[in-house]
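Trainee: Mapping of the sequence shown onto our numbering: residues 24 to 294, in sequence order. Note that beta-carbon positions come from the ideal geometry of N, C-alpha and C, so glycine has one too. Just so we're clear, the structure is a prediction, and the values are computed from it rather than from any experiment. Below is a structure I'd like to ask you about.
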Amino acid sequence: MVSKIKINENTHLYYEKRGSGKPILVFIHGWTANSWVWKFQKEYFSKKYQVLLLDLKGHGRSDKPDGKYDIPEYTEDIYKALNKLLPDDKFVLFGHSMGGMIALYFATHPTYSKRLIGLVLMSTISRKLTSAKLLLNDLQSGKISIEDPIIIEEIAKSGYYGKFIRKNKDILKLNIEEAQKCPSDIALASLEYFVNEYDVSDKLKDISVPTLILAGDKDVQINNEESELMLKMIKKSKLEIIGPNVGHMLQYERPDLVNKVIDEFLTHSIQ
């Protein structure tokens, strides 16, 4: 089923529901992306589980109203949507990149996390993404524009290991097309927040659900030390480094291996 859910007077979020079976899996995409990034997980896991994919406000096919575009706001939106779409169900929350930041904010919030039974964190971080500070400064100063096709392409390329993206130019083209559905002011507002303000690292110890952390061995956007920190701080966590030669978009670069690791986690760790 493909539809939209109303979360307030001026905002509807696009969502897809596929399959049936427990546990229910909820997927949250990253910065300037949308549900397209979960293509291979949707196809694979909907064969035996109910899968729910959401486009964040301002992204993909969701509404793009005026207002805040930061991690707390996105998380509140997801919470409202899940209360309507899954009013009584428990679920496993998946987050990739900025979606992982949202998933962590969700998991460390005492109200939001009440029905959470598992967490899958992919290519993400629990504190400020300082490695993107230069990009943010250049965008804020006007030195570069996020509407410039060359800049969009360079940002998209950085998400993949070089050899992979040279062989899969169709995926790069899709990535660029989908990123352009996120308006530049929304992209910049989100970037400003997770570069300058976002930090839940001191709350990781409060996460009690089984947690799978996945990272590409050649991710140039987020250092694997960040995954090691989450592994150290989250009680029931497990870390899998996906490789060899896998970048930030690990679920697209190695869907076979990523799905296998997730499948094993769901089978053995989620009650």
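Round the Cβ separation of Ile-47 and Leu-79 to the nearest angstrom and send it over; I've been treating them as touching at under 8 Å.
Mentor: Not really, about 19 Å apart at Cβ, beyond 8 Å.
Trainee: Hey, Leu-116 and Gly-81: beta-carbon distance below 9 Å or not?
Mentor: No, Cβ-Cβ distance for Leu-116 and Gly-81 is not below 9 Å.
Trainee: Work out the CA separation of Asp-93 and Val-243 for me, nearest whole Å.
Mentor: Cα-Cα distance, rounded: 23 Å.
Trainee: Specify the secondary structure class of Lys-283 as computed by DSSP and reduced to three states.
Mentor: Note: Lys-283 maps to helix in three-state DSSP.
Trainee: Cα separation between Ser-181 and Ile-199?
Mentor: Their Cα atoms are separated by approximately 12 Å.
Trainee: Are there 16 or more other CB atoms within 10 angstroms of the CB of Lys-165, so buried, or fewer, so exposed?
Mentor: The residue asked about is misnamed: residue 165 is Gly in this sequence, not Lys. When all chains shown are included, Gly-165 counts as exposed.
Trainee: Give the range of the beta strand (DSSP E) segment to which Met-124 is assigned.
Mentor: Counting along the chain, Met-124 falls outside any beta strand (DSSP E), though it belongs to the alpha helix (DSSP H) covering 121–130.
Trainee: What do you get for Gln-163, buried or exposed, if any count of 16 or more other CB atoms within 10 angstroms of its CB means buried?
Mentor: Classification for Gln-163: exposed.
Trainee: Say whether the segment 200–211 touches the segment 107–116, bearing in mind that this needs 3 or more beta-carbon pairs closer than 8 Å, one atom from each stretch.
Mentor: Not touching, per the Cβ criterion.
Trainee: Does the count of Cβ pairs from the segment 62–71 and the segment 222–234 closer than 8 Å reach three?
Mentor: No contact exists between the segment 62–71 and the segment 222–234.
Trainee: Taking the alpha-carbon of Tyr-97 as reference, which of Met-121, Lys-40, Glu-220 has the nearest alpha-carbon?
Mentor: The shortest Cα separation from Tyr-97 among Met-121, Lys-40, Glu-220 belongs to Met-121.
Trainee: Return yes when the Cβ of Leu-273 is within less than 9 Å of the Cβ of Ile-236, no when it is not.
Mentor: No, these two residues do not count as a Cβ contact at 9 Å.
Trainee: Considering Cα atoms alone, identify which of Pro-278, Glu-249, Pro-88, Phe-288 is closest to Met-124.
Mentor: Comparing Cα-Cα distances from Met-124 to each of Pro-278, Glu-249, Pro-88, Phe-288, the minimum goes to Glu-249.
Trainee: Terminal residues of the continuous alpha helix (DSSP H) containing Val-143?
Mentor: No alpha helix (DSSP H) contains Val-143, which is instead part of the beta strand (DSSP E) from 139–145.
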